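In what follows, a single structure is set out as structure tokens and then discussed.
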Amino acid sequence: MSTQDTNSILGDAETPLSAPTSEEKTMALLSHILAIVPGVGFIAPLVIWLVKKNESDFVAIHAKESLNFQITVIIAYIISAILVILLIGLLLLWVIGIVNLVLVIVATIRASEGKLYRYPINMRLIG
Numbered sequence: 002m003s004t005q006d007t008n009s010i011l012g013d014a015e016t017p018l019s020a021p022t023s024e025e026k027t028m029a030l031l032s033h034i035l036a037i038v039p040g041v042g043f044i045a046p047l048v049i050w051l052v053k054k055n056e057s058d059f060v061a062i063h064a065k066e067s068l069n070f071q072i073t074v075i076i077a078y079i080i081s082a083i084l085v086i087l088l089i090g091l092l093l094l095w096v097i098g099i100v101n102l103v104l105v106i107v108a109t110i111r112a113s114e115g116k117l118y119r120y121p122i123n124m125r126l127i128g
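Residue numbers (this note's numbering): 2 to 128.
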């Protein structure tokens, strides 16, 4: 599998027009990694986006992308919970959790590298 194939499966990473500062990279990666902390979920990227959206485009893009992804994950969990009745939901709950973890780690790495990242599976509800 080539690097291009791997990137399209794990999401797209682009280099922003201007290099982000160290603080911007830190805030961007926090918007992703804090989303997998139990009890924090979509709240961390929401707070980061609301606080930083007018200060840094780089942080705003990452926080918004993370927020949209966590909303997508919540919707997927709700659907899976309903499907538990048919037993397939149990498997889906595990798959969603693993996919969430892997993609959040990839997004965190891309943010720390100073690259823009778009999740491959994401309902972009927050524009």
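We put the beta carbon where it would ideally sit given N, CA and C, even for glycine.
Only a predicted model underlies this, so the values are computations on that prediction, with no experimental measurement involved.
{"Query": "S23 versus T73: straight-line alpha-carbon distance, rounded", "Result": "29 Å"}
{"Query": "Where V60 falls, given that 16 or more other Cβ within 10 Å makes a residue buried", "Result": "buried"}
{"Query": "Contact between the region 109 to 118 and the region 29 to 36 (3+ Cβ pairs under 8 Å)", "Result": "yes"}
{"Query": "Rounded separation between L51 and I76 - CA only", "Result": "22 Å"}
{"Query": "Reference I106, options I122, L88 and A36, closest by Cα", "Result": "A36"}
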